[in-house]
Amino acid sequence: MKKKIRKIKAKAVSKIKKTRATIVRVFAVVVLIAFAVLFAVRFGGPVFLKLYIESGIGNCKKIPILCYVPDAKEIVNPEIDKEYLAKSVIFKLPGVEITLPKEYMVVKEKVNKVYYKKMKHKCSGAIAYILYERPDFFVNLFPQARQEGIKNDYEFLSRTMSATIPSIKNITDTFFVIIKSFFIPDLGDQNTVKMIKFTMPDRKGFINYNISGPDNFFDCNMVLNSGDFFKVYIKDKGAKLTLENVFSSISTLKKTKDTVKLPVTPSSETCN
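Count along the sequence shown starting at 1, add 28, and that's the number in the numbering used here.
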């Protein structure tokens with residue numbers, strides 16, 4: 029009986045030793061992998077990080093805008109088309125208003141990675157999505173940005189629009205390329221997209237646009253002097269708007285306390 033007990037104990041001890049050895053080997057592999065990743069980031073950083081972006085998101089060929097930056101020449105105080113505004117209507121949504129042609133459907137949105145891609149409000153006609161966020165929304169949402177010296181949402185926006193895959197040198201650069209990849213919506217053929225920087229008396233920002241196809245696309249991002257952030261994504265069905273028209277419309281964009289309905293409701297034949 030005692031011999032059997034000793035044998036059982038010996039087997040148990042043997043299993044424990046094997047288990048410990050397995051745990052040690054697994055732990056060693058995990059540690060080696062961790063060191064390998066840290067080594068790659070530390071010494072092969074830019075190359076490793078670029079490969080990470082290209083394999084996980086896409087390269088310049090697949091997503092050209094991740095290699096574009098705004099034109100060096102800034103547009104200052106663009107001309108406002110008063111005749112265009114006089115023919116348009118004021119769309120009043122909860123908390124915001126904007127002037128656009130009356131045939132538009134205007135939708136107020138919240139931050140959502142793919143709000144403009146899934147098209148929650150499916151529409152075959154002209155449509156504009158408006159996003160509003162309070163001052164310092166992005167630098168508060170991403171506190172690591174402040175640690176990199178980015179003080180406000182305009183600086184955050186500027187860093188995002190200027191981010192490119194070829195310019196990646198560190199993890200911060202990688203972060204802003206990732207932000208840019210989902211911050212800019214569908215603009216049609218990205219090979220013909222243009223990026224511009226603008227300043228108006230009470231606001232400044234960036235417009236990414238494409239006017240080369242049957243439909244125009246405008247992605248307008250701006251920060252008011254008050255610090256309020258606005259994003260307006262316009263799908264211009266039939267390519268009827270000019271860049272001057274868009275500048276005129278976004279000049280009317282403002283925060284309000286009104287909670288009234290839109291003055292124009294698209295027919296069910298146009299939007300579902």
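Virtual Cβ for every residue (Gly too), placed ideally from N, Cα, C.
- Task: Taking the CB atoms as reference points, tell me whether Ala191 and Phe204 lie closer together than 8 Å.
- Result: yes
- Could you name the residues of the same chain whose beta carbon sits closer than 7 Å to that of Val54, not counting the 5 residues immediately before and after it, in chain order? Model confidence at Val54 stands at a pLDDT of 41, short of 50, so the residue's coordinates are unreliable; what they give is reported in the following sentence. Result list for Val54: empty, nothing under 7 Å.
- Task: Could you tell me whether the Cβ atoms of Leu77 and Ile212 are closer together than 8 Å?
- Result: For Leu77 and Ile212, no; Cβs fall outside 8 Å.
- Which residues in the same chain have their Cβ closer than 8 Å to the Cβ of Val274, if we skip the five residues on either side of it in sequence? Ile235, Tyr237, Phe246, Cys248 and Ile262
- Task: Please name the residue, chosen from Ile239, Thr270 and Phe226, that lies closest to Asn105 on a Cα-to-Cα basis.
- Result: Phe226
- Grab the span of the beta strand (DSSP E) containing Phe203 for me, first residue to last. No beta strand (DSSP E) holds Phe203; the alpha helix (DSSP H) holding it covers Ile199 to Phe211.
- To the nearest whole angstrom, what separates the beta carbons of Lys259 and Leu159, a pair I think is in contact under 8 Å? 4 Å
- Query: How is Ala267 classed by DSSP in three states: helix, strand or coil?
  - Reply: DSSP places Ala267 outside both helix and strand once states are collapsed to three, so it counts as coil.
- Query: In terms of alpha-carbon separation, which member of Val134, Arg187 and Ser240 lies closest to Pro122?
  - Reply: Closest option to Pro122, Cα to Cα, is Val134.
- What does a CB cutoff of less than 7 Å around Asp164 pick up in its chain, not counting 5 residues either side in sequence? The beta carbon of Asp164 sits closer than 7 Å to the beta carbons of Asn180, Asp181 and Gly255 from its chain, once the five residues preceding and following it are set aside; these are given in chain order.
- Message: If we define contact as Cβ-Cβ less than 8 Å, is Thr220 a contact residue for chain D?
- Response: Of the protein chains in this structure there is only one, and it is not chain D.
- Grab the span of the beta strand (DSSP E) containing Asn168 for me, first residue to last. Element bounds for Asn168: not the beta strand (DSSP E) but the alpha helix (DSSP H), Phe165 to Leu169.
- Item | For Asp181, the three-state DSSP class (helix, strand or coil) | helix
- So what's Lys110 in DSSP terms, helix, strand or just coil? helix
- Query: With DSSP run on the structure shown, which of helix, strand or coil describes Cys95?
  - Reply: helix
- Burial state of Asp264, where buried means 16 or more other Cβ atoms lie within 10 Å: So Asp264 counts as buried.
- Item | Same chain, Cβ closer than 8 Å to Arg196, neighbours up to 5 away in sequence not counted | Checking the displayed sequence, the identity of residue 196 turns out to be Ile instead of Arg. Only Pro74, Leu77, Lys78, Ile81, Thr202 and Val205 meet the Cβ criterion.
- State the Cα-Cα distance for the pair Lys208 and Leu94, rounded to the nearest angstrom. 7 Å
- Rounded C-alpha distance that separates Ile126 from Phe119: Ile126 and Phe119: Cα-Cα distance of roughly 5 Å.
- Query: So Val134 is in the beta strand (DSSP E); what residue range does that whole segment cover?
  - Reply: Met133 to Glu137
- Message: Taking DSSP's pairing of strands, which residues face Glu125 in a bridge?
- Response: DSSP lists Lys120 and Lys282 as partners of Glu125.
- Message: Out of Ser116, Lys130 and Glu161, which one is the CA nearest neighbour of Lys136?
- Response: Glu161
- Message: What does the alpha-carbon distance come out to for the pair Phe170 and Val251?
- Response: Here the alpha carbons of Val251 and Phe170 stand approximately 17 Å from one another.
- So is Thr284 buried or exposed if we call it buried at 16+ other beta carbons inside 10 Å? exposed
- Query: Expressed to the nearest angstrom, what Euclidean distance is found between the alpha-carbon atoms of Ala114 and Thr280?
  - Reply: 12 Å
- Item | Identified DSSP bridge partners for Glu161 | Phe257
- Grab me the residues of Asp217's own chain with a C-beta within less than 8 Å of its C-beta, minus the 5 sequence neighbours each way, in chain order. These residues qualify, in order along the chain: Asn238, Ser240 and Gly241.
- Item | In DSSP terms, what Leu252 is bridged to | Paired residue(s): Arg231.
- Task: Can you tell me the Cβ-Cβ gap for Tyr157 and Ser276, rounded? I've got them flagged as a contact below 8 Å.
- Result: At roughly 18 Å, the Cβ-Cβ gap does not stay under 8 Å, so Tyr157 and Ser276 are not in contact.
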